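Novice:
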């Protein structure tokens, strides 16, 4: 009787270990025509500037584009009093290139109530 139970258990295990094959139906691919929107040739020129004496916001920008080629520049007054100017261009092949210059002397005013730390305070 024990031999029969062992044999039956082995047969049942073998049945459950057999791979099951499924039939899979791939979904049908329907091609929908894509509507191609017309695109205008990219060509523009713009410039603007801000000079707000109350807030100190001073900046300018100009840019022009003709097809893949774009070039422009912008400048702004930094909080430290210097002027940052960025001139950039991209010809559509070599990538974006920018030249950044900073003019003027940076001024960092002392905050009211704070005194500068002397070098001797850092020595232990």
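Numbering (full-length UniProt numbering), first residue to last: 1 to 124. Virtual Cβ for every residue (Gly too), placed ideally from N, Cα, C. Being a predicted model, the structure only gives us computed values, none of them experimental.
Considering just the uninterrupted stretch of the beta strand (DSSP E) at residue 106, what are its terminal residues?
Specialist: Counting along the chain, residue 106 falls outside any beta strand (DSSP E), and DSSP gives it neither H nor E.
Novice: CA-CA distance, residue 62 and residue 30?
Specialist: Those two C-alpha atoms are separated by around 48 Å.
Novice: Starting from residue 45 and walking both ways along the beta strand (DSSP E), at which residues does that stretch end?
Specialist: From DSSP, the beta strand (DSSP E) with residue 45 extends over 43 to 52.
Novice: By the 10 Å Cβ neighbour count, where 16 or more other Cβ atoms means buried, how is residue 108 classified, buried or exposed?
Specialist: By the neighbour-count rule (16 or more Cβ atoms within 10 Å), residue 108 is not buried but exposed.
Novice: Indicate whether residue 49 and residue 69 have their beta-carbon atoms separated by less than 8 Å.
Specialist: Result no, Cβ atoms of residue 49 and residue 69 do not sit closer than 8 Å.
Novice: Can you tell me which of 89, 90, 76 and 88 puts its alpha carbon nearest to the alpha carbon of residue 104?
Specialist: The residue with the shortest Cα to Cα distance from residue 104 is 76.
Novice: For residue 8, which of helix, strand or coil comes out of DSSP?
Specialist: It is helical.
Novice: Going straight from the alpha carbon of residue 59 to that of residue 34, what length do you get?
Specialist: Taking the straight line from one Cα to the other gives about 44 Å.
Novice: Output the distance between the C-alpha atoms of residue 40 and residue 27, rounded to the nearest integer angstrom.
Specialist: Each residue's Cα considered, the two are about 38 Å apart.
Novice: Run through the region 24 to 101 for me and flag every whole beta strand (DSSP E) of 3 or more residues, listed as ranges in chain order.
Specialist: Runs of the beta strand (DSSP E) inside the region 24 to 101: 43 to 52, 57 to 66, 69 to 77 and 83 to 90.
Novice: Am I right that residue 73 and residue 88 are in contact with their C-beta atoms under 8 Å? What's the rounded C-beta distance?
Specialist: About 7 Å; that satisfies the 8 Å criterion.
Novice: Which residues in the same chain as residue 67 place their Cβ atom closer than 8 Å to its Cβ, once the five residues preceding and following it in sequence are excluded?
Specialist: Excluding sequence neighbours, residue 67 sits near 41, 42, 43 and 92.
Novice: Tell me whether residue 21 sits in a helix, a strand or coil according to DSSP, three-state version.
Specialist: Correct three-state label for residue 21: coil.
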